[in-house]
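Below you'll find the structure, written out as structure tokens, and then a few comments.
Residue numbers (this note's numbering): 194 to 323.
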């Protein structure tokens, strides 16, 4: 009802942040550049930290919009889970088949490691966002 009253085309306040409405301050631009460099030729490990409400999640969503389609991405929204659950979610997001008898932590790590080695041989990159 309020959308029509105010002439809005979409809901202005949602649970998950919309990267279209991210204000790209100089610090946000720098952070996005570092993230994209880490995914590109830089490779390696990149950490993005900041206070609650500073735009980390929205910036990650913006980065995902710019992610080349040939890059495998596992985006874990809720990290407050057990190690086994985290590994299961990562395997699920990367479409790694996990047989029911291989759901212990060691087997999940082995499956993930095999996947990473195989995709690396094919020249593909994998990005994990937690």
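Quick reminder that beta carbons are idealized off the backbone N, C-alpha and C, glycines included. Quick caveat: nothing in here was measured; it's all calculated off a predicted structure.
For the putative contact between residue 245 and residue 228, defined by C-beta atoms under 8 Å, what is the C-beta separation to the nearest angstrom? Between residue 228 and residue 245 the Cβ distance is about 19 Å, and since that is not below 8 Å, they are no contact.
What residues in its chain sit with their C-beta under 8 Å from that of residue 280, if we drop five residues either side in the sequence? Excluding sequence neighbours, residue 280 sits near 298, 301, 302 and 305.
Residues bridged to residue 321 [DSSP beta-bridge criterion]: Residue 321 has 267 as its beta-bridge partners, per DSSP.
In angstroms with no decimal places, state the Cα-to-Cα distance between residue 251 and residue 215. Computed Cα separation, rounded: 7 Å.
Check residue 202 in the structure and name its three-state DSSP category. It is coil, neither helix nor strand.
How many Å lie between residue 294 and residue 322 at the Cα? So the alpha carbons of these two residues sit roughly 27 Å apart.
Could you check what DSSP says for residue 219 in three-state terms: helix, strand or coil? Three-state DSSP puts residue 219 in a helix.
Would residue 325 pass as a contact of residue 267 if the rule is Cβ separation under 7 Å? Because residue 325 is not part of the residues shown, which for the chain are 194 to 323, the question remains open.
Which term fits residue 226, buried or exposed, when burial requires 16 or more other beta carbons within 10 angstroms of its beta carbon? Exposed: under 16 other Cβ atoms inside 10 Å.
Between the beta-carbon of residue 258 and the beta-carbon of residue 212, is there less than 7 Å? Yes. Within cutoff.
Host alpha helix (DSSP H) of residue 311 (start-end): The continuous alpha helix (DSSP H) containing residue 311 extends over residues 298-314.
With residue 283 as the anchor, note down where its alpha helix (DSSP H) starts and where it stops. Unbroken alpha helix (DSSP H) run through residue 283: 276-286.
Taking all protein chains shown into account, decide if residue 317 is buried (16 or more other Cβ within 10 angstroms of its Cβ) or exposed. Flag for residue 317 reads exposed.
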